[in-house]
Amino acid sequence: MQVTVHSFSFGCTVHYEELNQRLQRYYQGDAITGLLLLYPTCMLHVIESSSEVLVSLLQDLRDMQEQPHCVLIEAPRVLVMSHDLPSRLFQQWSYKVLNVPARVGGMLSRDGLEKEEEEDTDTLVSTALSMLLKLGNHLLKATKGSKMPLGSVLDAVPEMIVPQDILVQLLSRGDLLSPQQYLQAYHTPLHILMDSGEQDLNHSSTGLGLTPFQFSQFEK
């Protein structure tokens with residue numbers, strides 16, 4: 109599983125539909141499932157597939173980021189890459205355009221007014237991934253044997269969708285890896301990473317490149 113967050117233009121939905129089709133033809137037998145959530149100011153992309161497909165998607169993000177006049181994607185960041193999930197959360201790949209306010213809501217102070225709450229990056233990533241896991245489990249149960257469109261299921265549970273504020277905060281953090289940084293670490297031999305004290309990214313890890321990540325740890 110791969111989870112990324114970045115700014116975007118709405119043409120990216122067509123780009124990902126075409127890219128997924130190309131990857132499916134090239135990596136036959138490696139089904140691509142997941143969910144692309146399009147917020148007013150950013151997007152959250154969850155992809156489930158083989159390691160080869162996940163790396164190809166990161167390479168595509170890196171290539172777009174390196175184009176001087178690219179308008180589809182801006183400042184992508186990797187939240188997690190996991191290569192050992194026992195099962196999938198999504199039955200197919202789909203996307204949903206969300207109509208949410210610029211501010212989803214904050215903490216209330218004692219006088220009832222909203223206050224800004226600055227969480228550390230690790231906490232924000234954990235919160236986002238925990239909510240994604242719960243949302244995925246809900247969608248899996250709600251859509252199994254049902255003809256209800258996925259968009260309608262999502263509309264019924266807005267409280268389960270990762271708040272836009274969390275994603276905006278994550279995009280502003282410099283300690284999350286870009287696709288280029290992640291791929292560089294991914295392809296670096298393990299002994300070099302160990303000598304430098306960096307994290308091996310060839311298995312499961314967060315985009316912080318610091319702590320091994322098991323997605324099941326967020327299941328409550």
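Its first residue numbered 109, the sequence shown is counted upward by one per residue in my numbering.
Note that CB positions come from ideal geometry on N, CA and C, so glycine has one too.
query: Beta-carbon spacing of Q269, L206 below 8 Å; result: Correcting the residue identity first, residue 269 is Ile in this sequence and not Gln. The answer is yes: Cβ separation under 8 Å.
query: Three CB pairs or more closer than 8 Å across the segment 109-127 and the segment 142-156; result: yes
query: Neighbour-count burial assignment, G137, 16 or more Cβ in a 10 Å radius; result: exposed
query: Residue burial classification, G142 (beta-carbon count within 10 angstroms, cutoff 16); result: buried
query: Burial state of S254 (16 or more Cβ within 10 Å); result: exposed
query: C-alpha gap between R130 and T251, whole angstroms; result: 27 Å
query: Environment of Q259 [buried if 16+ CB atoms lie within 10 Å]; result: Note that residue 259 corresponds to Gly in the displayed sequence, not to Gln. It is exposed - the Cβ of G259 has fewer than 16 other Cβ atoms within 10 Å.
query: CB contact below 8 Å: S164 versus chain C; result: Any reference to chain C falls outside this structure, which holds one protein chain only.
query: Proximity of L197 and N245 at Cβ, strictly below 8 Å; result: yes
query: Close Cβ partners of K242 (< 7 Å) along its chain, the five nearest in sequence each way excluded; result: M268
query: Exposed unless 16 or more other CB atoms sit within 10 angstroms - verdict on Y294; result: buried
query: Paired residues, beta bridge with R185 - DSSP; result: V113
query: Those residues which DSSP pairs with V154 across a bridge; result: V111, L143
query: Nearest-angstrom Cα separation, counted from Y203 out to V122; result: 11 Å
query: Own chain residues within Cβ distance below 6 Å of T229, not counting five before or after; result: R281, D283
query: Buried/exposed call for Y134, threshold 16 Cβ in 10 Å; result: exposed
query: Delimiting residues of the beta strand (DSSP E) encompassing V205; result: 201-205
query: Distance, L278 Cα to P271 Cα; result: 11 Å
query: Three-way DSSP call (helix, strand, coil) for L291 in this model; result: helix
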